[in-house]
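Student:
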Amino acid sequence: MKSKMFRHTVTHRQFIHMVLAITATLIAVILLTCLLYTTVILRRNQNDVEGVLTKYRDSLTSQIEEYVQLVQTAAYDASVREYLQTEDAYARHLAGQGVSTLFSNLKMVKNGIEEFFLFKPDDAEVTHVSLGAQQPALMERLRQCKNPEIIGVYPYSSLYGRRGESNFVTIVGCPVYSLTIEEQQTNVIGAVAVAISSQAIERNLHEFYQREGIRYSLIDQNQTVILGDKLEASQKDLAAVAELGRLERDNLVTSVLMTSIPAMDAVLIVQTDKMVLLKDLFVITLLVLCLVMGILIAMLCMAGRISREITMPLASLTDAVKQMDTDPTHIRHVPEEGNADFRMLSASLNRMLLTETRLTNELLEANRNLYESELTQKHLELQFLRSQINPHFLYNTLETIRSIAVVRKVPEVALAAKNLAKLLRYSIKGREIMPLSSELEIIHCYLYIQELRFGSRIRTEFAVDDDVLDLQIPRMCLQPLVENAVVHGLESSVEQGVLSVTCQRDIRSLWITVRDTGVGICPEELEHLNSLLANPFEKKPGQQTSIGMLNVARRLQLSLGNDFTMEVSSKLNHGTMVTLRMPLEKLEQTGGNADVQGATG
Amino acid sequence: MSRRIIAFFLALIMWYAPALGEEATDAAMTITIAGEYADSLASDYSDSLRTYLEERFNIEFHPLQIDTIDASYFYRLRAAANEFPDVMLYDAQWDFLYFVQSNALRPLPDILSAYPNLRQYITYPYAHNLQYNGLIWGLPRSLYAQEMRMPGYCVLIRREWLERTGMKEPENVEDWYELLSAIHTLDDSVIPLTSQSPWAMFNFTYFYAPFSNTWIWEPSMNSYVPGFYTQSYCERISALRGLWDAGLLDPDFMDVHCGRPTGVDRFLLGQAACIVYPTSIHAIMAELLHRWSQIYPNEPIEDQVTAVFLPCDAEGQYSESHDVNMSAIYFSANVSDEKLDRILSLLDYLCSPEGLMLRRWGMEGIDYTLVDGEPVSLLEDGMTLYDKYPSYSLLRVLPNLDEAAIRSDVSLPPFAAMLSEKCDQWEELCMRQQRHWTSMKANMILTSSGIYFNPNLTEISFRMLTAPEGVEKCFESVKEEFVEQGIDQLIHKVMVNLK
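Sequence order for the protein chains is S and R.
Each number in our numbering corresponds to the 1-based position in the first sequence with 17 added.
Each number in our numbering corresponds to the 1-based position in the second sequence with 8 added.
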């Protein structure tokens with residue numbers, strides 16, 4: 018199960034590899050799509066061009082046929098024959114008016130007619146300025162033609178044409194035959210020709226020049242550009258077109274389709290600039306690629322960030338945990354890195370580890386203290402057992418003394434024996450936790466015995482609040498303090514001393530003070546004493562002194578833990594005051610650790 | 009969020025709404041314009057000058073090319089069908105009254121007070137011939153000062169023939185006969201004299217007056233009679249007949265628009281030595297210089313061709329001219345007030361100082377620039393506005409009311425400038441000529457036979473020129489035909505009107 022989980026964990030490197038793989042796949046798909054679209058567009062364009070070409074060729078053929086019919090109509094008109102045959106100037110002028118009207122009317126029949134020409138057999142080779150210098154060839158063709166037909170494409174300069182810019186016209190001509198009886202009908206008396214404007218022909222090509230990326234050129238056999246752009250074709254290609262009717266040339270950048278236009282004895286070249294045709298597609302593809310690259314960069318940045326802030330910290334954390342798991346002596350700390358959540362998690366883990374370490378140390382220390390405490394207790398018990406004389410013998414003896422004193426009417430002795438027996442019994446027997454009132458009662462017993470000794474030299478004062486009498490406190494924790502005050506404070510003083518005991522409580526603690534007006538303690542000794550009381554189980558030099566107070570402190574620590582304070586304040590020759598503070602919470606609950614045996618030395 | 013989007017689209021719609029409205033209501037107005045050079049406005053030509061004017065006045069020209077020889081026939085057909093073009097540029101001296109009375113034309117709204125630039129030219133007596141029933145029915149295109157005798161034609165000679173014949177520039181008919189004969193002798197394949205148009209040829213023998221609408225006081229009849237009804241008319245045709253009979257004139261000069269080469273073709277190709285040509289600077293530049301530069305781009309015409317006067321008569325008198333304005337702009341009765349305003353605004357602009365600059369120099373910043381307030385051409389050497397803008401052939405003379413200013417233009421090409429200078433000299437010579445009474449409407453008075461007296465003088469003149477029986481006998485026949493058509497009644501009615 019564990020190995021399976023590890024197998025599904027994705028490292029940051031794997032994550033980046035995955036991102037790169039997805040992006041590469043996307044780019045490949047986009048490029049493939051672009052390639053497919055390119056193929057489709059080019060194929061459709063090719064089909065469209067061929068369709069338009071066919072339409073154009075048909076349309077042009079039909080259109081030229083109409084012009085041919087017009088020319089034929091003109092050539093067989095009587096006014097034309099009359100004009101050509103009449104020698105009388107005035108009659109020729111009248112016939113010429115008829116020809117003028119005829120041509121004018123025919124121009125209105127069909128658009129695109131630039132001009133009608135009427136040639137005579139004896140005309141000079143060059144007659145019309147508008148037809149330029151190529152008229153000899155035109156005249157030669159006219160002489161050769163026997164029927165109405167396309168004569169060819171010739172330069173034409175309109176009256177309004179721009180200088181230096183040649184227009185071209187398609188010339189359709191028809192011989193004019195004599196129809197008089199005297200002459201043979203095959204006698205050619207002239208020729209009629211019509212110039213068809215390039216605009217009329219070009220209108221058929223509007224489907225081409227409306228298309229972006231397509232250039233066209235209508236050229237004659239001399240490669241003269243009749244219409245459109247200047248596109249060249251080799252003589253070999255032209256020959257192939259003349260033979261096959263059409264020819265295709267295709268390369269990476271352009272596609273050329275050449276078609277023969279028999280109606281004009283010309284070749285139409287349609288060149289498709291693939292780059293222009295596919296420009297929009299390329300732009301779109303480029304945009305999509307840029308978008309994908311942008312996404313790739315964003316994903317890489319995100320992957321890097323995820324790797325840096327999640328995956329790598331997770332791996333470090335896993336490694337640290339693994340090492341801590343396998344090696345307990347390893348430093349209990351995980352690296353705090355990655356994003357905020359990870360740093361917070363690591364910091365929390367570190368705090369937990371620190372707490373664990375501290376608690377472990379405290380547990381070890383407590384065990385050590387407990388161990389030492391048990392040793393001390395055993396030692397004390399051993400001492401106690403050694404010093405213990407048969408308590409029943411003492412009780413009986415004291416009872417005997419009291420009885421004798423009562424018989425012999427010595428009440429002081431009787432009472433002293435009684436208090437002593439009570440004190441002795443309290444210190445030996447009973448629970449470890451006793452009410453404060455019992456503790457105070459024992460103090461009174463002790464002080465009665467001491468009054469017998471000191472008489473009026475010691476005056477005692479008690480200030481005990483009623484609400485503290487029932488509080489459970491460790492047994493024999495006040496009597497040693499009172500005894501210390503009497504023995505070490507007041508006994509050495511020659512003057513009358515005062516011993517005062519106060520017991521009060523506040524919200525959280527029970528406060529007990531034992532104060533005497535005795536000789537006091539010098540500062541060095543006081544400091545030493547307080548340091549001992551702060552750590553009662555710590556062995557320090559000079560521990561033989563103040564053993565009573567130290568025992569009280571130890572008992573309190575064993576019973577209440579560290580939640581108590583015991584401080585001694587003193588001024589030399591002015592007295593000493595011991596202050597105890599015990600938490601009410603623990604006193605009210607348990608009264609301390611009841612299992613701890615008293616250490617009343 | 010959605011409210012903001014809706015508000016945005018509403019704002020967008022409101023932003024474009026006025027524009028859409030304007031587009032819907034302010035489409036370009038189509039103006040059909042017919043006459044000579046009309047084809048130069050065809051949209052087939054890429055012409056920024058035409059486009060500029062169309063955009064400026066929000067109009068679109070629809071040209072209708074009408075060759076002069078067909079004009080009367082064409083316009084009468086259109087008048088009968090009530091399909092006159094919006095604007096006609098027409099020498100309607102024979103048809104003016106017919107069109108007015110057949111309700112084919114519309115008069116101008118008033119005296120053109122709203123078009124001050126145009127108005128300055130439309131003053132009496134120039135507009136007199138275009139008035140009828142107190143209304144002005146057309147705008148004159150060519151104005152000549154009342155006292156000016158401007159020669160309408162000159163003769164262009166290829167210099168090589170002057171050199172080859174070794175003759176000086178001829179002055180009278182005899183001199184011309186010698187020159188043309190010498191040319192014919194040197195090379196009989198060359199036509200000694202041709203003409204730009206049929207009626208140009210008839211002007212060669214100072215025939216200008218009878219050809220137009222001149223009425224001459226005839227003492228023998230104690231009356232004004234049409235110029236073509238006088239013996240002077242016959243004499244002038246006789247003078248031309250001498251050249252014709254000697255084979256010195258182009259035998260095909262009357263054959264126009266029938267597919268044959270024109271006299272200009274023959275002259276330009278060197279097949280004719282001389283040509284009778286209009287002195288109009290516009291015609292010279294639009295046709296002759298334009299064509300010449302197409303054929304001989306590297307040969308300045310002034311090096312090859314010179315211009316000389318028409319021959320004077322035996323007394324040394326030169327041809328004369330009169331205050332006629334044959335060419336005019338007419339508006340169809342179907343033209344709306346709005347369209348008429350658009351057309352008159354265009355003409356007014358072309359007559360304004362800015363319009364004059366446009367017509368003389370082209371578009372500022374493109375064709376010329378102002379240096380110290382004076383225009384400097386930006387055109388390439390040898391290039392003219394006629395070469396650059398097809399429409400310039402028409403727009404230059406759409407209103408042609410400032411011929412004198414054009415003649416004095418310092419930027420004229422050398423050949424046109426030379427011709428202009430010659431014209432100044434001829435005008436001085438013509439000042440001595442007698443001036444006759446002229447009226448466009450006189451010939452158009454309805455005779456008692458119920459027809460307008462409308463003789464085709466070009467054809468009649470050619471008939472006399474070629475008549476086997478001779479000019480005199482033919483003229484007698486022609487006069488008889490005039491009488492049969494009611495010329496006596498015409499003369500009578502005119503005299504009554506004059507009195």
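We treat Cβ as the ideally placed atom computed from N, Cα and C, and that holds for glycine.
#1: Taking C-beta to C-beta, are Pro138 (chain S) and Gly207 (chain S) nearer than 9 Å?
#2: Determine, using beta carbons only, whether Met3 (chain R) comes closer than 9 Å to chain S.
#3: Checking 9 Å against the spacing of the C-beta atoms, do Phe185 (chain S) and Thr241 (chain S) come in under that value?
#4: Would you identify the three-state DSSP class for Tyr397 (chain R), choosing helix, strand or coil?
#5: Checking contacts by CB at 9 Å: is Gln244 (chain S) closer than that to chain R?
#6: So, does the CB of Glu155 (chain R) fall closer than 9 Å to a CB anywhere in chain S?
#7: Assign Phe275 (chain R) to buried or exposed, taking buried as 16 or more other Cβ atoms, counted over all protein chains shown, within 10 Å of its Cβ.
#8: Of all Cβ atoms in chain R, is any one closer than 9 Å to the Cβ of Thr144 (chain S)?
#9: For Ser1 (chain R), collect the residues of the same chain with a Cβ closer than 7 Å to its Cβ; drop the 5 residues on either side in sequence, then sort them by chain order.
#10: Jot down the residue ranges of each uninterrupted beta strand (DSSP E) in the stretch 355–396 of chain R, minimum 3 residues, whole runs only, in chain order.
#11: Per the DSSP calculation, Glu157 (chain S) is bridged to which residue(s)?
#12: How about Ile44 (chain S) and Leu295 (chain S): are their beta carbons less than 9 Å apart?
#13: Would Arg476 (chain S) and Val515 (chain S) qualify as a contact pair, given that the criterion is a beta-carbon distance under 9 Å?
#14: To the nearest angstrom, how far is it from the Cα of Leu334 (chain S) to the Cα of Thr343 (chain S)?
#15: Taking the straight line between their C-alpha atoms, what separation do you get for Val193 (chain S) and Asp273 (chain R)?
#16: Return the residues of the stretch 50–70 of chain R that lie within a Cβ-Cβ distance of less than 7 Å from chain S, sorted by chain order.
#17: Would a C-beta distance cut-off of 9 Å place Gln394 (chain S) and Pro452 (chain S) closer than the cut-off?
#18: Does Glu31 (chain R) pass the burial test, meaning 16 or more other C-beta atoms within 10 Å, or should it be called exposed?
#19: Residues in its own chain within less than 6 Å of Phe134 (chain S) by CB, not counting five upstream and five downstream?
#20: Tell me the start and end of each unbroken beta strand (DSSP E) in the stretch 271–352 of chain R that is at least 3 residues and wholly inside, in chain order.
#21: Arg244 (chain R) CB to nearest chain S CB: under 9 Å?
#22: Between Gly621 (chain S) and chain R, is there a C-beta pair that is closer than 9 Å?
#23: Using a Cβ-Cβ distance cut-off of 9 Å, determine whether Phe134 (chain S) contacts chain R.
#24: Looking only at its chain, what residues have a beta carbon closer than 6 Å to the beta carbon of Leu546 (chain S), apart from the 5 residues adjacent to it on each side?
#25: With 9 Å as the limit, tell me which residues of the stretch 262–280 of chain R have their beta carbon closer than that to any beta carbon of chain S; keep them in chain order.
#26: Can you find a CB in chain S that lies within less than 9 Å of the CB of Asp47 (chain R)?
#27: For a quick check, are the C-beta atoms of Thr530 (chain S) and Val595 (chain S) less than 9 Å apart?
#28: When you compare each of S:Val116, S:Leu123, S:Val205, S:His350 to Asp160 (chain S) by their alpha carbons, which one comes out closest?
#29: Does Pro218 (chain R) pass the burial test, meaning 16 or more other C-beta atoms within 10 Å, or should it be called exposed?
#30: Looking only at its own chain, which residues have a Cβ that is under 6 Å from the Cβ of Ala153 (chain R), when we skip the five neighbours before and after it?
#31: Among the residues of its own chain, which have a CB less than 6 Å from the CB of Ile74 (chain R), if the five just before and after it don't count?
#32: Residues in the same chain with beta-carbon distance under 6 Å from Glu456 (chain S), minus the five sequence neighbours each way, listed in chain order, please.
#33: Go ahead and pull the three-state DSSP assignment for Gly169 (chain S).
#34: With respect to the alpha helix (DSSP H) encompassing Ile119 (chain R), which residues constitute its N-terminal and C-terminal limits?
#35: Pick out whichever of R:Tyr326, R:Arg471, R:Pro124, R:Arg86 has its Cα sitting closest to the Cα of Val438 (chain R).
#36: Could you name the residues that DSSP lists as bridge partners for Lys588 (chain S)?
Tutor: Walking through what the data contain:
#1: yes
#2: Residue 3 (chain R) lies beyond the residue range present for chain R, which begins at 9 and ends at 507; the question has no answer from this structure.
#3: In this structure, Thr241 (chain S) lies closer than 9 Å to Phe185 (chain S) by Cβ.
#4: Shown here, Tyr397 (chain R) sits in coil according to DSSP, grouped into three states, outside any helix or strand.
#5: This sequence places Leu at residue 244 (chain S); Gln is not what is there. Not closer than 9 Å to any Cβ of chain R, the Cβ of Leu244 (chain S) fails to qualify, so no.
#6: Caution is warranted here: a pLDDT of 44 is assigned to Glu155 (chain R), below 50, making its placement in the model unreliable, and the coordinate value is therefore given only provisionally. So, not an interface residue.
#7: buried
#8: yes
#9: This structure does not reach residue 1 (chain R), given that chain R is present from 9 up to 507, and the question cannot be answered.
#10: You should have 376–379, 382–385.
#11: Per DSSP, none; premise fails for Glu157 (chain S).
#12: The Cβ atoms of Ile44 (chain S) and Leu295 (chain S) lie no closer than 9 Å to each other.
#13: yes
#14: Rounded to the nearest whole angstrom, the CA to CA distance from Leu334 (chain S) to Thr343 (chain S) is 14 Å.
#15: Computed Cα separation, rounded: 23 Å.
#16: Asp52, Tyr53
#17: No, these two residues do not count as a Cβ contact at 9 Å.
#18: Any reading at Glu31 (chain R) must be qualified, since the residue scores a pLDDT of 44, below 50, and its modelled position is unreliable; the value itself is stated next. Exposed is the call here.
#19: Ala210
#20: You should have 280–286, 313–316, 335–339.
#21: No, because no Cβ of chain S sits closer than 9 Å to the Cβ of Arg244 (chain R).
#22: No answer is possible for residue 621 (chain S): the residues shown for chain S start at 18 and end at 618.
#23: Output row for Phe134 (chain S): interface = yes.
#24: Ser563, Val585
#25: Met262, Asp263, Val264, His265, Cys266, Gly267, Arg268, Pro269, Thr270, Val272, Asp273, Arg274, Leu276, Leu277, Gln279
#26: yes
#27: yes
#28: The amino acid occupying residue 160 (chain S) in the given sequence is Arg; Asp does not appear at that position. Taking only the C-alpha atoms, the option nearest Arg160 (chain S) is S:Val205.
#29: Its pLDDT being 47, under 50, Pro218 (chain R) is placed unreliably by the model, and the measurement read from it follows with that caveat. Looking at its Cβ environment, which holds 16 or more other Cβ atoms inside 10 Å, Pro218 (chain R) is buried.
#30: Residue confidence is low: Ala153 (chain R) scores 45 on pLDDT, short of 50, so the model does not pin down where it sits. No coordinate-derived value is stated.
#31: Ala42, Gly43, Phe82
#32: Leu495
#33: Gly169 (chain S) falls in the strand class under three-state DSSP.
#34: Run containing Ile119 (chain R): none; DSSP gives neither H nor E here.
#35: Before going on, a small fix: residue 438 (chain R) reads as Cys here, not Val. It is R:Tyr326 whose Cα lies nearest to the Cα of Cys438 (chain R).
#36: S:Gly592
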